[in-house]
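Here's the structure, in C-alpha cells; my notes come after.
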Amino acid sequence: MQRFSALSLLSHALGGHRGWTPQWRRAAPQPAYDAVIVGGGGHGLGAAYYLAREHRLGKVAVLEKGWIGGGNTGRNTTIIRSNYLFDESAALYDHALQLWEQLSQTLNYNVMFSPRGVMMLAHSVHDVQVIKRHVHANRANGVDNQWLTAQQAKEFCPPLNIGDIRYPVLGAALQRRGGTARHDAVAWGYARAADALGVDIIENCEVTGIRRDAQGAVTAVETTRGLIRTPKIGVSAAGHTSVIMSMAGVRLPLESYPLQALVSEPVKPVFPCVVMSNTVHAYVSQSDKGELVIGAGTDAYTSYTQRGGLHISAHALEAVCELFPMFRRLRMLRNWGGIVDVTPDRSPIIARTPVPGLYVNCGWGTGGFKATPGAAHLFAWTIARDEPHPINSPFTIERFRDGHLIDEAAAAAVAH
Amino acid sequence: MADIPATRRPPAIAASPLLRLLPPAARHILRGAPTIMGAAGEALGLSLSMPACRASLGGVRSALWLGPDERLLLGEASSAAETASRLGQVLQQQPHSLVDVSHRQVAFAIAGPQAATVLAAGCPLDLDPGAFPPGMCTRTVLAKAEIVLWRRDDDSFHLEVWRSFAAYVSGVIAAAARELTEPG
Amino acid sequence: MTQVLRIAEGGRIDRSRTLRFSFDGRSYTGLAGDSLASALLANGVHLLGRSFKYHRPRGILAAGAEEPSALVSVRRDGARYTPNLRATQVELYDGLEAHSQNRWPSLAFDVGAVSDLLSPLFPAGFYYKTFMWPRRGWKALYEPYIRAAAGLGRAPTQADPDRYANRYAHCDVLVVGGGPAGLAAALAAADSGARVILCDEQAQFGGSLLAEPAGERGALIQGEAADAWLARSIGSLRANGRVTLLPRTTAFGYFPHNLVALNQRLTDHLANPAAGQTRERCWQVRAQQVVLATGAIERPLVFPGNDRPGIMLAAAARSFLNHYGVIPGTRAVVIAACDEAYRAAIDLHLAGVAIAMIGDVRTCADGAWPEAARRAGLPMQTQTTVQGTRGRLRIKAAQLARLDPQRRRIGNIQTHACDLLLMSGGFTPSVHLHSQSRGKLAWDDRVQSFVPSQAAERVRSAGSCRGVFSLVAAIEDGTGAGGSAARDAAARVTAFPTAAHAPMPATDGAMAGYAGALPQPQAAPGGKAFVDWQNDVTTRDLALALQEGFVAIEHIKRYTTAGMATDQGKTSNLNALGFVSQRLDKAIAEVGLTTFRMPYTPVTFGSFAGFARGELFDPVRTTPIHEWALRHGAVFEDVGLWKRARHFPIAGEDLHAAVARECRAVRSACGIFDASTLGKIEVVGRDAVTFMNRIYANAWNSLAVGRCRYGVLLREDGFVLDDGVVARTAEDRFHVTTTTGGAPRVLAMMEDYLQTEWPELQVWLTSTTEQWAVIAVQGPHSRRVLQALVPDMDLSAAAMPHMSVAHGAICGVPALLFRVSFTGELGFEVNVPADYALAVWEAIYQAGAAHGISAYGTEAMHVLRAEKGYIIVGQETDGTATADDVGLGWAVSKLKPDFVGKRSLARPAMSAPDRRQLVGLLTSDPQLVLEEGTQVMQAAGQRPPARPIGHVTSSYHSAVLQRSIALAMVAAGRSRIGQTLCVAGADGDVPVQVTSPVFYDPEGKRLDG
Amino acid sequence: MLLITCPYCGARPELEFTHGGQAHLARARDPAAVGAQDWADFLYMRDNTRGVHAERWRHTHGCGRFFNALRDTTSDHFIATYRVGEPPPGQP
Ligand SMILES: Cc1cc2nc3c(=O)[nH]c(=O)nc-3n(C[C@H](O)[C@H](O)[C@H](O)COP(=O)(O)OP(=O)(O)OC[C@H]3O[C@@H](n4cnc5c(N)ncnc54)[C@H](O)[C@@H]3O)c2cc1C
Ligand SMILES: NC(=O)c1ccc[n+]([C@@H]2O[C@H](COP(=O)([O-])OP(=O)(O)OC[C@H]3O[C@@H](n4cnc5c(N)ncnc54)[C@H](O)[C@@H]3O)[C@@H](O)[C@H]2O)c1
Ligand SMILES: Cc1cc2nc3c(=O)[nH]c(=O)nc-3n(C[C@H](O)[C@H](O)[C@H](O)COP(=O)(O)O)c2cc1C
Ligand SMILES: [Zn+2]
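Chains as they are written, first to last, in this note's numbering: chain Z, 1279 to 1694; chain L, 920 to 1103; chain C, 2 to 1010; chain A, 710 to 801.
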C-alpha cells in the first residue's frame, strides 16, 4: 500500500503525481472465498478489513452491486455521537467512537473525523427530562455528555435562536467528543486498507441468490457476475437487507424508508458544531467544503426509490429557518435520499441468523454511520467466531421474539 | 347563585378582509351504517344519503358527508336539542352514534373572487370549480391544521375548524390574503 | 467610466432609464433591463470573482443560469445580504450593491492566489492523503485552515426580515420554459381549452429568441420576425383566462405523480420593494401533463488556460450583444466545434468587433452559418485547437494550433492578440427535470448528448431540451407536445408517453459539437485546462482520479468534486464524461451519468418554509380558559401543540414558591385547574362494552352507568400506551379520556382496530376533546364551592361517590360532572361545552374566593399526583414499561381471554424479575431535590462504566410533606422497599431510601374530604 | 407528495393520509393460542418488498377510512387501491 503523508504528497508532486497507483484493485470475482461480505458500504468494507486484519480468515471478498460507498454511507449527514440512552447502545456506539478517534491513522487515510461537538436541543419540559436522563445515564456509562443551559447552548453555537421562537430552547445536551467525518473517505479508506490486506473488492456485482446445502447451511452466492462459493456470508446491505435475506428465506423485523438530506451553497465558516433538534426536526452541521449539511426526516411509506417527498425536506427547512433565522436567505444546492432499514426498536441487529453460515448487520436505520468502525469490527468478530462479541450480543434477532427490546425510539432518543 | 348569561364565546381569531367568523351553530356527528341514513334524513328534512363528499341542504339544516358512515349535521344554535330528539325517535332501534359537537369547532366563511386562491396557500386540493364544485365538501388540511371545507358557491367557502385551531387557520388565511394584496 | 461598450441601438434594454449600481464599492451605471453581468461588461469589467480552490481570476462565462464563475454577493441592507448569486441572473436595479467573493484583500490582488502556484500540492483528493499527523492535528490545526479557505460567499449574519409564501396549484398542462418550444406548446395547449401554467426562470419569456437581433436581422418564423412572433404569442397567452404566466419562476424539482415545484422571485429585481412585500413564492403544481421545454446549455471547450476573464461562450456573447446591447470585447478569437459560434461571430462582426480568427475544431465547416461567415470575409480555419492563453486579469492572447488526425501540429503556433475568446462546444440539452422525474435518458450521436427517452411520469420534452435545435423544428416540436399533452389531459390518460410519442426530426451534424478535452499536440506542456470552473477541476484532476482507480463516474465526481458546485455541472458534466470516455476509451453512454437531483438552480431556504414561521410555524392550541390564565399572569409551557398554564406566580414568586403555594391551597382548601386539553372520545354503540373490553386492559362489564374507572391502554406489544378515566354515561355509551398528547394516537388506534380487525362491532367513535372544557376543582372545600353552583345536583358522598359521573347544569349551563381526583383530595371535574367554559370558570373562581380557592398549573398538578404516587404516561413510562412495572397490575384484567397487548405480556422478558418497577425514593437530606433523570446505583462510589439499576422519573419538593420526594423506576424495585440505594448526583453520590411510591395519605382518607 | 386514490373520495394528496404499514396481516382471533415465534412475526416481521407490495393507508384527514393499496416500491407508483376486506386486485 502506498503510504499517504505530507511527505509522499510532496515527493509525488515533484513527479507530477504520475506515481500514484489505484487505491484498490478492480478485482474480478474468484470462484470461491472463505467469506463473502454483501454490501460495499462503510460497514461491509470495514467488516472485510477487520476480518482480514484481526481474524486472518483467509480469502475475503466484498460484493457491491454498484460502486462502493454509493449507499447510505455516501448519502448521510455524517453525525457521529455515542450518547445513547441504554447501556447496551452506549457500549456499542462508544466502541465505535473510540475507533473513530484513531481511524485516520489506523487506515492511513484522512477520514476527517472532526469532534466539534454534537448538541441536542430541548424545547419542552418533557424534552428536558428526557435529555437529562440521557446525560445522567451516559455519565454512569462513562460516555461524555453534558447539560447546557439555553444561554450556554447559544454561546457554543452563536447562530442559534433560543428566544423568540415557537418552541424556545430550554437547554441542550452536548457531547464534545461527537462530531462529523467525511463519508466518502470512510468507504475509500477501508477499501484501500482492506485491499492492501488481500481483500477482493468487487463492484458492479449484485447478489441475486443464496445457495444452501441439505442442512440449510449456505454454500454460495449467485451474482450478476457469476456463482461464488463460500461457507460464510455476511450481509451488510442496509436498505436492501430484507431483499437479500429473503433469498435465504429469512424474514427480518425491517422496513426500508426514504430518508432525505440536503446541502446549502457553500459559505465561509459560520457553524462551529453539530446541532440536532428532535422536537422541530432539524439536524445541521457545516462541512469542510462550506455547505450546511441538513438532515430531514423519513417519509411515511416504505420505498426503494432513494428519493422522498418535497414536504419532508421543506419541514426540515422550516425548522432550520426558525432555529437559525439568518439562514433563511441561504439556498439549497442539492437534495437527495437514501434507503434506511428501520427496526421496531430503532436498534440494530448484528448477529447470526437461523441459517448456518449466514450473518447479518442491519437495522441501522437513520443512525448507523456513526457506528461504522464499531459495527464493522463486531460484525467481523461475529462472522469469524460464529458467535457475537459481548458488545453486540444483545443485538440479536431473537430479542423481538423474547421481548428484550432495546427501545431507543420509545425512550425518545433522537435519530441520526 | 344566578345563572351566567348563556351566551357562547367563540375563540379569538386573526382578522382578515375575506374571512368572517360565522355565528355559533348546533353541530352533531351522526355515525352509523348507510341503512340508517334514509330514515335519519327524513326526520331532519334533508337527504343524508348523498354521494361521497357532498353536502345537502334542507330548511335551516344542512348535512355534510364526512365519510361513508359519518355525517356532520349543522343547524341553528337553538336547534341542537330538537335534532337530537328527532333522530333519537327514528333511530331508537337502529345501531348508530349521535354526538353533540356544537362547541368542538367553529365556522368561517371565506368569500370573494380571491377565496380559492387564498385557500390554495395551504390547502393542497384542486379548488377549481370544475374539480371542486359548489356543494362539494370534505375533510382536508390547511397548512398544518385539519379543516372541513365546503364550497357554497364559486367564490365562497364554509370552513369548519376545531376551536383550538381557529387562531392558526385564520392566521394562515390572513397571511395568504395579505400576500395577495401586494403589488406585483 | 460609463458603459463604453454599450452599442448605440438594439437590444432589449431601456436606454431612457439609467440605473446606478456599485461593485466592490466602485459605482457604475447601467440600463433598465440589464443583468448585473451585462451592466459590468458594458463598463468593461470582466473580472468578477476568484475561483474556489486556486483563487484564479474569473470572469463571465455564460449569460444565464448555467454561469459557474461570476458569483457575487448582493447587499440591500444589513439583514438582506445574499451570497453566491450568479451575476448573469441578477437583474439590475437602481442602487444595487454587489460584492465579489472569496478574495482578500482585493479582487485584483488576492493573497489566496498563491494556492495557484502551490497547486501541484493540491491535486484532487489531496486532503485524504495528509493532515493526519499529529492525531489531534486535523481538528486543531488543519481543518480550521481548510475551512477558512473553502466556502464561497459569507453567510448573512442577521435574521432575514423578508416574507415567503406557499401556493398549491393544479393544471391540465404545465409548460416549463418559455422559449419558442415552450411558447408553442403553451399556445397549442391553451388553444384546445386546457388549464395551462407556463413558467420561465427569466424575467421575460422568449428564451433563446431574446438573443435574436431585432426585426429582419433576426431569425424568421414562418416569414415573421422572431420578436414579432414572440410579442404576438405572449399577447395571446395573456389574453387567455385559463393560462397562468409565471416569469422569474424556476421549476426546480420534479416529484412523483407529476408534482412540480416552482420558485417564483417577486422582489429581488425591484429597487424598493414595498415594506413586508413577499420576496419569493414556492409553488407546488400538480399537473395532469407536463411539457418540458427547458432548452439547451452551451458547452465550453476544454483547453489550457480556458478560464481567464474574457473567455466566454459564443451564445452568451450573442445574448449580451443582442439582448443587452453590450459588446463583450473589441477583438475576439472564436473557437467553434458547432455552427452556433459562427452566428455569434457574424453578429459581433456586424457590431464592430474585430474577429481575429475563427478556429474550428472540426475537419470541415460548411454549414449555413460558416458559409455566411466566409461570405462576410471573416478569417477562418478548421482542425484548430487552443494550446494556451495569456493575460492575468483578462485574456490578452490565444495560442492556436492546427493539428492533423495524429495530433501532429500543422504549421506554427499562431498567437492572436485578443480581449475576448468565444467558444462553442455544442449544446447540452437540459434534461434535468426529465431525469429528476426518473425518466430514462439515451445517448444521441446526432447531437452528441443525452436526450430524454422513456418517461416515468406524464411528461414530454420539446425543443432543444431533447436535441431539436433548429428554431422551426423546435416550434413544431413544441406545438406537437402541447397539443398532445392537452388531449391526453382532457382524456385523463394515465399512461406515460412513450419515447416514440414524437420522433426526432432529422438534424445535420452542425450542432453536434464536442465533448472532452481538445486534442493537444503530443508532448505539449499545456497549463491547467478547466472542466469545472467553479470547483477548479482540471483535466489533470480527472486523470489522477482515473489513475488512482476511481473509474466509476460517481466516484470520479466525488473524488474530484466535478459537477458538485452550485452550478451542478451544467457546463462541465458532459465535458468530464467526454474526457473520461477518451481516457478509458469507452463510449460516453457506457461511462454513464451522475444523478440529477433537485434543485435545478439553488433555491432559498425561506421559500421552502413559506408561511411557516413564528406564530404560524406550528399551530398554537389554547383552551377556552387561556385568556383568564393570561390575565392572571400564568407562565405557560408547551405540551405538544398546546400552551398550558404551568404556574400562576404572584408578587414575584418563582416557580418553586408559586407551586408550593398552589399545592398548599389544594391540600388545605381548594384549587381550580384547567384540564381542558385532556383527550376525550365518545365511544357509542350496541357493542360499546365489547369494544372497550378488547381495547383496554381493564374489564368493563361491571362498570355501571354513572360510574367511572381508571383505564389503561396497552400497545399490541404489551407496553403502556396511554391512560385516563373512563365514564359509562349510558348502557351503550362511554366517555373516554386520554392524556393530552395521546388523544390523536389513541383515537387512531381505536379506529384501526374497529375498521380492520373488528368491523363486525356496532360501535362508533367521535372526538369530543374540544367539545368539553374541563375544569378540575380539587381540595377539601371543593364540594362546598361547587354545590352552590349546581342547585339541582346532589354532590354528597352518598349521591355522588368517588369515581362517579352525572349529567346536570352548572350556572344554568349543561354540564357533565365527574367526581374524580388526580390529587388525592376530594375533587370534581366539571365538563362544560367549550364556549361557556370561561364564564363557568370565572363563576367557580368567584364562588371559591370565600373558600380560599387558588388556580394551579401543570407543575403543581404534577407535584400533587406525585405525592400520591400517580404516574404520568410519558414521564414514569417511556414506552418500555408494562402496567405492572408502574404498579398498575391491578388494572389489568386477569379474566379476559384477550385484549390489545395481552398476548405480548406472556413473553419471557415481560415478567423478568429484574424489570424496572415504580418506587418512591427519599433522600436523607429532606431539602435535597434530586434531578429528574439521575441514575440509581446499587451502591455508592461506582466507576464508569457502571450499570445503573434505575432512574428518577419525577422529583419535587413537597410543600405538604415539607421535604423532597421522588418517583423512580428501579430494577426489582418493589422488592427493594426499605433498602438504601444511591443516586449519582452531579456532585457525588447521594444515599436514598426506597419507599412505596405513595408518599401522602396512603389510606386515601382525604378522597372524601 | 404522492397522489393517492381513496376508494371513497378519489385522488387526494398524501398530506391527507397516514401510512398503515404492510397490509393483510390479520390479528389472530385467539392470540393466546399463537406461538411465540408466530406472535413475534405478527408484531415485527415484515416482507419489506422491493417491488409491488400491499400496504395500508388511512384517509385520516378525509373520510377517515382505512384501505389497502398495491404500490411498486421501486417507483412509488400505485397499481391499485381497494377497500378493507377486498382481496388485492388480480388475486383471488
Ligand atoms: C439521508 C441520510 C442521513 C443519515 N444521517 C446519518 C447521520 O447523521 N449519522 C449516522 O450515524 N447515520 C446517518 N444515516 C444512516 C447511515 O448512513 C447508515 O446507517 C450507514 O451509512 C449504513 O452503512 P452501511 O455500510 O451499512 O450501508 P450502505 O452504505 O448503504 O451500504 C450497503 C451497500 O450494499 C449494497 N447492496 C445492496 N444490495 C446489494 C446486493 N444485492 N448485492 C450487492 N450489494 C448490495 C448497496 O449498493 C450499498 O452500497 C443517514 C442515512 C441517510 C440516508
Ligand atoms: N442558446 C442557443 O444559442 C441555442 C442553442 C440551441 C438551440 N437554440 C435555439 O433555441 C431554440 C429552441 O428553443 P427552446 O424553447 O427549445 O429553448 P430555449 O433555450 O429557447 O428556451 C428554454 C427556456 O427555458 C427556460 N428554462 C430552462 N430551465 C428552466 C427551468 N428549470 N425552469 C424555468 N425555466 C427554465 C430558459 O430560461 C429558457 O428561457 C431554437 O431557436 C434554437 O435555434 C439556441
Ligand atoms: C456530507 C455530504 C455533503 C455533500 N456535499 C455536496 C456538495 O457540496 N455538492 C453536491 O453537489 N453534492 C453534495 N452531496 C450530495 C451528493 O452529490 C449526492 O447527492 C449524494 O451522495 C447522494 O447521491 P445521489 O444524489 O447521486 O443519489 C453531499 C453529500 C453528503 C453526504
Ligand atoms: Zn377518503
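Backbone N, C-alpha and C fix where the C-beta goes; we use that ideal spot for every residue, glycine too.
Where residue i falls, given that 16 or more other Cβ within 10 Å makes a residue buried
i	result
His-1694/Z	Unreliable placement is indicated for His-1694/Z, whose pLDDT of 38 sits below 50; no coordinate value is reported for it.
Ser-677/C	buried
Ala-141/C	exposed
Cys-365/C	exposed
Asp-1685/Z	buried
Asn-273/C	exposed
Thr-954/L	exposed
His-1593/Z	buried
Lys-441/C	exposed
Proximity test, residue i beta-carbon vs ligand 1 heavy atom, cut-off 8 angstroms
i	result
Leu-199/C	no
Arg-556/C	Correcting the residue identity first, residue 556/C is His in this sequence and not Arg. Result no, Cβ not under 8 angstroms from ligand 1.
Thr-1486/Z	yes
Thr-1660/Z	no
Closer than 8 angstroms: residue i CB and nearest ligand 2 heavy atom
i	result
His-433/C	yes
Gln-203/C	yes
Pro-506/C	no
In DSSP terms, what residue i is bridged to
i	result
Asn-1613/Z	Leu-1540/Z
Met-970/C	Leu-919/C and His-952/C
Cys-172/C	Ala-288/C
Ala-166/C	Arg-282/C
Lys-644/C	Asp-639/C
Beta carbon proximity, residue i to chain D, threshold 9 angstroms
i	result
Pro-380/C	Annotation note: the requested chain D is absent from the structure, which comprises protein chains Z, L, C and A.
Check: residue i C-beta below 8 angstroms from any heavy atom of ligand 3
i	result
Gln-1584/Z	yes
Going along the chain, which residues of the stretch 153-170 of chain C sit with their C-beta nearer than 8 angstroms to a C-beta in chain L? The residues in question are Arg-164, Ala-166, Asn-167, Arg-168, Tyr-169 and Ala-170.
Residues within the stretch 82-96 of chain C neighbouring chain Z, beta-carbon criterion of under 8 angstroms: Contact residues of the stretch 82-96 of chain C toward chain Z are Tyr-82, Thr-83, Pro-84 and Asn-85 (C-beta to C-beta distance below 8 angstroms).
Residues whose Cβ lies closer than 6 angstroms to any heavy atom of ligand 4, in chain order: That query returns the following residues: Cys-715/A, Tyr-717/A, Cys-718/A, His-768/A, Gly-771/A, Cys-772/A and Arg-774/A.
Listed from N- to C-terminal order along the chain, which residues in the stretch 882-907 of chain C have their beta-carbon within a distance smaller than 8 angstroms of any beta-carbon of chain A? In summary, the residues of the stretch 882-907 of chain C whose CB is separated from some CB of chain A by less than 8 angstroms are Pro-898, Asp-899, Lys-903, Arg-904, Ser-905 and Ala-907, in the order they occur in the chain.
Closer than 8 angstroms between beta carbons: that is the criterion. Which residues of the stretch 1531-1557 of chain Z meet it against chain A? If the cut-off is 8 angstroms between Cβ atoms, the stretch 1531-1557 of chain Z has Pro-1531, Leu-1532, Glu-1533 and Ser-1534 near chain A.
Output needed in chain order: residues of the stretch 711-736 of chain C with a Cβ under 7 angstroms from some Cβ in chain A. Residues are counted here when their Cβ sits less than 7 angstroms from a Cβ of chain A; for the stretch 711-736 of chain C these are Glu-717 and Asp-718, given in chain order.
When Cβ atoms are compared, which residues of the stretch 1059-1091 of chain L fall closer than 9 angstroms to chain C? From the stretch 1059-1091 of chain L, only Ala-1062, Lys-1063, Ala-1064, Trp-1081, Arg-1082, Ser-1083, Phe-1084, Ala-1086, Tyr-1087, Val-1088, Gly-1090 and Val-1091 have a Cβ closer than 9 angstroms to chain C.
Residues of the stretch 771-790 of chain A in Cβ contact with chain L at a cutoff of 7 angstroms, in chain order, please. For the stretch 771-790 of chain A, which is checked against every Cβ of chain L, the residues closer than 7 angstroms are Gly-771, Cys-772, Gly-773 and Arg-774.
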